[in-house]
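Novice:
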Amino acid sequence: MSLLSNKDRSNCIEKIRDPSEKTDFELAKLTGKGDMLAFEVLYLRHHGRVYSICLKMLHNVHEAEDLTQEVFIQVKRKASTFRGDAQFTTWLHRLTVNQVLMYFRKGQVKFEKLTSQGQLPVDNSPEAIHARKNFIDERMALVAAVGKLPDGYRNVFILHDIEGFEHNEVARILGCSEGTSKSQLFKARLSLRKLLRRKANPRVYKICHSAP
């Protein structure tokens, strides 16, 4: 998403490194008023995390890239609605997950299981096609179930079990204690077990039985 010249982009990056730079809340308020520089700073700060969430939920590089851009289009449109009641990262996570869920509901997702190097598979044998179909069905079941969780449960589950953050990092991101993070994760997994028990292959909710 190229919104500024290289010079202006460099200035943005320098400002991000400056500890006295505006907070996400201040940048969101400016973005809501049409300040493109503020929006670009938000984009540079957070696009990596948004892309990571999209990729881990979609398992498709091209769709993750497209959806990341769509998320930031929504950020620009909805920035004025951010009141600061929660951290901006929490608001952005919720917006990102909701965009992915909407993408699922529209039936647009086309899963492509990736190799460890991020490459697309080339095996089109009947067995491989069947395996990919099962992967799609299982992933959709999990994402749909995660979408039904309360905000607190969902945010902790995504940060810890999908993005791989430790509880102390989750606590810092969400502004809660480590104990709260662990408790929310336990409850999230418990809820997911109930939601997925009758609908999905056991592999889908194996993660829900992991240690907190």
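If you're matching positions, the sequence shown starts at -3 in this note's numbering and goes up one per residue. Glycine is no exception: its CB is placed at the ideal position from the N, C-alpha and C atoms.
Would THR92 and VAL46 be called neighbours here (beta carbons separated by less than 8 Å)?
Specialist: yes
Novice: Am I right that ALA184 and PHE161 are in contact with their C-beta atoms under 8 Å? What's the rounded C-beta distance?
Specialist: At roughly 14 Å, the Cβ-Cβ gap does not stay under 8 Å, so ALA184 and PHE161 are not in contact.
Novice: Who are the near neighbours of LEU26 in its chain, counting only those whose CB is closer than 7 Å to its CB and skipping five residues on each side?
Specialist: ALA34
Novice: Using the three-state DSSP reduction, which class does LEU145 fall into: helix, strand or coil?
Specialist: coil
Novice: Pull up the distance between the alpha-carbon of LEU63 and that of LEU38, whole angstroms please.
Specialist: 16 Å
Novice: What's the call for LEU42, buried or exposed, on a 16-neighbour Cβ count within 10 Å?
Specialist: First, the residue type needs correcting, since residue 42 is His and not Leu in the sequence shown. Classification of HIS42: buried, given that the 10 Å Cβ count is 16 or more.
Novice: If you drop the 5 nearest sequence neighbours on each side, which residues of the same chain put their C-beta closer than 8 Å to that of ALA167?
Specialist: SER173, GLU174, THR176 and SER177
Novice: Suppose you measure from the CA of LEU155 to the CA of GLY30; what does that come to, to the nearest Å?
Specialist: 30 Å
Novice: Within 10 Å of its beta-carbon, does ASP157 have 16 or more other beta-carbons around it, so buried, or fewer, so exposed?
Specialist: Counting C-beta atoms within 10 angstroms of its own C-beta, ASP157 has 16 or more neighbours from the protein chains shown and is therefore classed as buried.
Novice: Return yes when the Cβ of LEU192 is within less than 8 Å of the Cβ of ALA141, no when it is not.
Specialist: yes
Novice: Where do the N-terminal and C-terminal ends of the alpha helix (DSSP H) with LEU20 fall, by residue?
Specialist: Rather than Leu, the amino acid found at residue 20 in this sequence is Asp. Taken as a continuous stretch (DSSP letters only), the alpha helix (DSSP H) holding ASP20 covers 20 to 28.
Novice: With THR83 and LEU181 assumed to form a contact (beta carbons below 8 Å), what rounded beta-carbon distance in angstroms separates them?
Specialist: For the record, residue 83 in the displayed sequence is Gln; it is not Thr. Between LEU181 and GLN83 the Cβ distance is about 18 Å, and since that is not below 8 Å, they are no contact.
Novice: Does the beta-carbon of GLU36, which I'm using as the reference point, lie nearer than 7 Å to any heavy atom of the ligand FMN?
Specialist: Annotation note on the ligand FMN: not contained in the displayed structure, which lists no ligands.
Novice: Is the beta carbon of GLU159 closer than 8 Å to that of ILE69?
Specialist: no
Novice: Start and end of the alpha helix (DSSP H) containing LEU40?
Specialist: It spans 32 to 54 - the alpha helix (DSSP H) in which LEU40 sits, taken as one unbroken run.
Novice: Can you tell me whether ALA82 is helix, strand or coil according to DSSP?
Specialist: Looking at ALA82 - three-state DSSP - the assignment turns out to be coil, as it is neither helix nor strand.
Novice: Given this structure, state the Cα-to-Cα distance separating GLU61 from HIS163, to the nearest angstrom.
Specialist: Rounded to the nearest angstrom, the gap between the Cα atoms of GLU61 and HIS163 is 28 Å.
Novice: Tell me the rounded alpha-carbon separation between LYS190 and GLU165.
Specialist: 27 Å
Novice: Taking the C-alpha atoms as reference points, what is the distance between GLU59 and LEU51?
Specialist: 8 Å
Novice: At the level of alpha carbons, what is the spacing between LEU188 and VAL139?
Specialist: 10 Å
Novice: So, is GLU123 buried or exposed, given that buried needs 16 or more other C-beta atoms within 10 angstroms?
Specialist: exposed
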